Amino acid sequence: MYQDIILLTTIFIQGVWVIKKYYDISYKIKDCELAIYKIDAKLQEQRVSNKEMQDDLIQSKQNDININAKYKKEIEQIYDRLFTLTNIVKVNSLTEDHPNLQPGSLQ
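Given below as structure tokens:
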């Protein structure tokens with residue numbers, strides 16, 4: 001009879017220990033799942049952030065190209081004006097040195 005009580009007590013203690021371990025492991029698994037969901041959310045935010053940075057870089061490069069094209073056109077216009085001015089100065093200096101020449105005959 002005492003052997004039965006000892007056996008049942010041992011089985012009961014082992015059962016309680018197994019149930020406790022089961023719930024401990026279950027709790028740890030839920031914590032791990034929660035941590036994975038948090039990490040996944042952060043990765044999603046990072047992907048969105050990376051996409052925004054890529055879009056900003058593309059926009060910046062496009063702005064750079066547009067600015068370069070704009071100023072290239074303006075610089076070409078400035079060179080054309082300077083060339084025209086230097087031609088006018090040359091013509092005026094030649095006509096001052098040689099009064100018999102006509103300004104239209106040098107071009």
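Residue numbers for the sequence shown follow this note's numbering, beginning at 1 and rising by one.
Ideal placement from N, C-alpha and C gives every residue a C-beta, glycine not left out.
Only a predicted model underlies this, so the values are computations on that prediction, with no experimental measurement involved.
Return the chain-ordered ranges of every alpha helix (DSSP H) run that is complete within the segment 20-50 and spans a minimum of 4 residues. none
In angstroms with no decimal places, state the Cα-to-Cα distance between residue 82 and residue 67. Counted from its first residue, the sequence shown places residue 82 at position 82. Counted from its first residue, the sequence shown places residue 67 at position 67. Cα to Cα, residue 82 sits roughly 22 Å from residue 67.
Straight-line CA distance for residue 11 to residue 27? Walking along the sequence shown from the start, residue 11 turns up at place 11. Walking along the sequence shown from the start, residue 27 turns up at place 27. The alpha-carbon atoms of residue 11 and residue 27 are separated by roughly 24 Å.
Closer than 7 Å to a non-hydrogen atom of the ligand MN - does that hold for the CB of residue 83? With respect to the ligand MN, the structure shown offers nothing to examine, as it has no ligands at all.
Residue 53 by DSSP, collapsed to three states: which one? Looking up residue 53 in the sequence shown gives position 53. In this structure, residue 53 counts as helix in the three-state DSSP scheme.
Measuring straight from C-alpha to C-alpha, what distance separates residue 50 and residue 41? Taking the sequence shown and counting its residues from 1, the one referred to as residue 50 is at position 50. Taking the sequence shown and counting its residues from 1, the one referred to as residue 41 is at position 41. Taking the straight line joining both Cα atoms gives about 14 Å.
To the nearest angstrom, how far is the alpha carbon of residue 21 from that of residue 38? Counted from its first residue, the sequence shown places residue 21 at position 21. Counted from its first residue, the sequence shown places residue 38 at position 38. Near 26 Å, if we compare the C-alpha coordinates of residue 38 and residue 21.
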